[in-house]
Amino acid sequence: MPALPVPTLPPVDVTPRLAIAVLVSGSGSNLAAILDRQTADAAFGARVVLVLADRHGIKALDRAEAAGVPWEVVNWGDYPDRITFTSAVCDVVDRYGAEALVLAGFMRVLAPEAVERFPHRILNTHPALLPAFPGAHAVRDALAYGVKVSGVTVHFVDEQVDHGPIIAQEAVAVHEDDGVTALHARIQSIEHRLYPEVIDAFAKGRLHVGGRKVTWS
Ligand code: GRF
């Protein structure tokens, strides 16, 4: 009796990856950088299982849709306050089985419940060298102050705004003729490399937090 043909099965991906939710409010260029890295690097430690936005009609959601990544909107305007909004966000993240939150241009401050439910499991990227220029207008504020150097800070989120333990920073020189758009574009080109690098290290358990200090192994 002739041997039966052996079916060729697709390779099974057995690499453990940390399931992450990426939270967005705008253009989503950092989301795109994370998804590009996930596609390009078979050893990338994280897997985006959810893109969550605080509003409809943003480019970041188009990017999620195009990449075939599940997305949800928890519409800020539908909630009476930050506390109920935060609970809803955390519930959606849980429903998708995400174990960590990656804030990528997310313009809402989450209530302390998020940090309680995901301790040292929420990351943020900020377009300035913290603790200088926290807040929503960091690039504008840095230029107005006249600094010669600004940059990128990736940090863990704690109960205060732009305050948690710093994971990585990189400096960007400010040019004399810089406006907000030009400086922010140079800062973002650093973010697009640095943030996926940090997420990979975090997902692989290489970041260790002791008080305010984060060490890499
Ligand atoms: C980034 O520059 C980030 O630092 C800041 O918001 C910007 C978001 O950009 N928090 P994008 O939506 O990822 O393009």
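What the sequence shown shows, in our numbering, is residues 13 to 229, in sequence order.
Virtual Cβ for every residue (Gly too), placed ideally from N, Cα, C.
Fair warning: this is a prediction, and the values are worked out from it, not measured in the lab.
Going by C-alpha positions, phenylalanine 145 is about 15 Å away from alanine 185. When DSSP states are grouped into helix, strand and coil, threonine 165 belongs to the strand group.
Taking 8 Å as the cut-off, the Cβ atoms of valine 34 and valine 121 do not count as close.
Rounded to the nearest whole angstrom, the CA to CA distance from alanine 215 to aspartate 189 is 39 Å. The Cβ neighbour count for serine 229, taken over all protein chains shown within 10 Å, is under 16; the residue is labelled exposed. C-alpha of aspartate 93 to C-alpha of asparagine 42: approximately 27 Å in a straight line. Secondary structure note for leucine 64: its beta strand (DSSP E) is the uninterrupted segment 58-65.
The beta carbon of glycine 176 sits closer than 6 Å to those of His167, Phe168, Val169, Asp170, all from its chain and outside the five residues before and after it, given in chain order. Between ligand 1 and isoleucine 95, a heavy atom-to-CB distance of less than 7 Å is absent. Put simply, the backbone Cα of proline 139 is about 57 Å away from that of proline 17. Note on geometry: alpha-carbon atoms of lysine 225 and leucine 219 lie some 10 Å from one another. Under DSSP, histidine 138 shares a beta bridge with Thr165.
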